[in-house]
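A short worksheet on the structure shown next.
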Amino acid sequence: MDSPLLSTPALLALSLLLLALYIARRRRGGGKNRNYPPVAGTVFHQLLHFRRLMEYQTELAHRYRTFRMLTPTCNYVYTVEPANVEYILKTNFGNYGKGAMIHDVMEDLLGDGIFNVDGARWRHQRKVASHEFSTRVLRDYSSGVFRDTAAELAGIVAVAARGAGPGERPLDVADLLMRSTLDSMFKVGFGVDLGSLSGCGDDEGAAAFARAFDDASEQVLYRFFDPSWKVKRLLGVSSEGAMKGSIRTIDQFVYGVIDRKIKQMGRDQEFVSELSAAASPVWMHMHSRALDWRSGHFFFLLTHTDGGVCLWQAKKEDILSRFLMERESDPGCFDNKYLRDIILNFVIAGRDTTAGTLSWFLYVLCRNQHVQDRVAREVRAAATGDRDDVGVQEFVTCLTEDAISRMRYLHAVLTETLRLYPAVPIDVKYCFSDDTLPDGYAVKKGDMVNYQPYQMGRMKFLWGADAEEFRPERWINDDGVFVNESPFKFTAFQVGCEQSISSALAVFFLDQIQHVTCLASCVVHVHRRGLASAWERSSRTGR
């Protein structure tokens, strides 16, 4: 994959040129009557610090709670003020969205999915997704998928930890987590076993899809920093040539899954029709068909010649199947591209955020022995009653909702991990019209306004003098009860007008995080020396 970075002298020269143009505009009196945020640098300064961008942005946020970086076409405004975050995400939500530029950058991969659209399309998908993600059958199905994947992951980690030694290859935990979350999210989304964690998928194109998915996700990030990406895409060269191939592989696989699912549902209906028509002395015909949205089942009422009835159900648990059932009742509601976009958006959101959070979670456990000990004790006590002779499979069955609800310290550790290492470190919104933020700074139409969860987690004016320390106890009061913070201060999940869909998605992501981390915590507790040494060797070698 190409890097968009230029040489240091070129970046410095471009920065000076951009600053000179800005000063010239200021001298001509442009915008002199409005109070714009202070200029902290240019986009070329960001490119210069690209490999430590989060740290660079934190340094600037310590100096300015709201600031802007100049670009050739617009301002990039950054803020860590909770009042500004609430204003952008809730109070004046309609004025801040994806906009054309962000949509163009991500369209090849995300299409017109919920995380890449505004307005009516966003509202429609929010309505559909919020309903589907809140159903009990989908929650139960996803929890089962997450537990199965967690058990497989824990087994791999346990084997590696037992064999860890000076001559052993380091365990790439981040890669394992990315593959496990891709498997589970794809299973929940499409009902297909990719098998990327085990390397034994049930579809020959699964491995190619997983590679293409990673490559395309990486290229989307690079597009934000590569001014020439549209030219490369037009010519089909360099990184954009590879991107085109990745998207082709993704689409072929996903549309193939959708086509097979449609055919399978057709066969289900044919089965019922044949059952009702076969052996006339037995079943006469399908009397009626109904869809129970709360349970997620199709019900077929069959009548017998002697007057008896039979209720036969076709259970549809994954998201794709449920959307296809809705389309049967309203054929014009959406096409296959709509299905591809909305479900891939769900897979991308769940896969990257969950895997990233779990990677940082294991990292902080390895660096904080006392936290590791306490998490392991709490998990074992809540799930097994302090029994030490519990295998992985038995432990999985012990991970009930009641057991997880008793893991308050684990909840605090996960939350503290998200505070310092948020899954989305910076979130950008396009400003649709001139506006003034609550802190008094003005923004112009076309500006890109960013709130910064990563930087906000390190601000002393928000979290106190120990803001940059990992301290899970800050989330638990004197009575041992977990205490939430304002969602505009702790912005792990988007809030405000997006809260209904974000909360529904959060149910799935937190279910997976809790199930996998419970298992990972027990593995760390039993084999902590082997895993910690493997992690330390991995950190030293950069692998």
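Counting from 1189, one number per residue, gives the positions in the sequence shown under this note's numbering.
Virtual Cβ for every residue (Gly too), placed ideally from N, Cα, C.
Remember, predicted model here, so these are calculated numbers, not experimental data.
Excluding its 5 nearest sequence neighbours in each direction, Gly1634 has C-beta neighbours in its own chain below 6 Å: Cys1262, listed in chain order.
Each of Gly1229, Ala1396, Gln1245, Phe1658 was checked against the Cα of Tyr1551, and the nearest Cα belongs to Phe1658. DSSP places Met1644 outside any beta strand (DSSP E); the residue lies instead in the alpha helix (DSSP H), whose first and last residues are 1641 to 1644. For Cys1619, the enclosing beta strand (DSSP E) starts and ends at 1615 to 1619.
Taking the Cα positions, Ala1543 is about 43 Å away from Arg1222.
For Phe1255, the enclosing beta strand (DSSP E) has its first and last residue at 1254 to 1258. Only exposed fits Asp1654, as fewer than 16 other CB atoms lie within 10 angstroms of its CB. A direct Cα-to-Cα measurement between Arg1515 and Phe1549 gives close to 40 Å. By the Cβ neighbour-count rule, Thr1588 is exposed, with fewer than 16 other Cβ atoms within 10 Å of its own. Asn1556 sits in coil when the DSSP states are folded into three classes, being neither helix nor strand. Its chain contains Ala1600, Thr1603, Glu1604, Phe1670, Val1671 as the residues whose beta carbon lies nearer than 7 Å to that of Trp1663, once the 5 sequence neighbours on both sides are disregarded; these appear in chain order. A distance below 8 Å between beta-carbons, with the five flanking residues on each side excluded, links Ala1396 to the following residues of its chain, in chain order: Thr1437, Phe1441. Looking at the backbone, the Cα of Arg1357 and that of Leu1341 are separated by about 18 Å.
Positions of the beta strand (DSSP E) runs, each at least 3 residues long and wholly inside the stretch 1246 to 1306, are given as 1254 to 1258, 1263 to 1267 in order along the chain. Val1631 carries a strand assignment under DSSP once its states are collapsed to helix, strand and coil. Sequence-distant Cβ neighbours of Gly1299 in its own chain, meaning closer than 6 Å and more than five residues away, are Asp1529. For Thr1230, the uninterrupted beta strand (DSSP E) run begins and ends at 1227 to 1230, by DSSP.
Spanning the alpha carbons of Pro1675 and Asp1506 requires a straight line of approximately 30 Å.
In the displayed model, Phe1549 falls within a helix according to three-state DSSP. In the three-state reduction of the DSSP assignment, Phe1670 falls in the strand class.
Between Lys1278 and Asp1306, the C-beta gap is not smaller than 8 Å, which leaves the two residues out of contact.
Ranking Ile1592, Ala1680, Arg1555 by CA distance to the CA of Gly1573 puts Ile1592 first.
A direct Cα-Cα distance of roughly 8 Å separates Ala1569 from Arg1575. For Thr1624, DSSP records a beta bridge to Ala1630.
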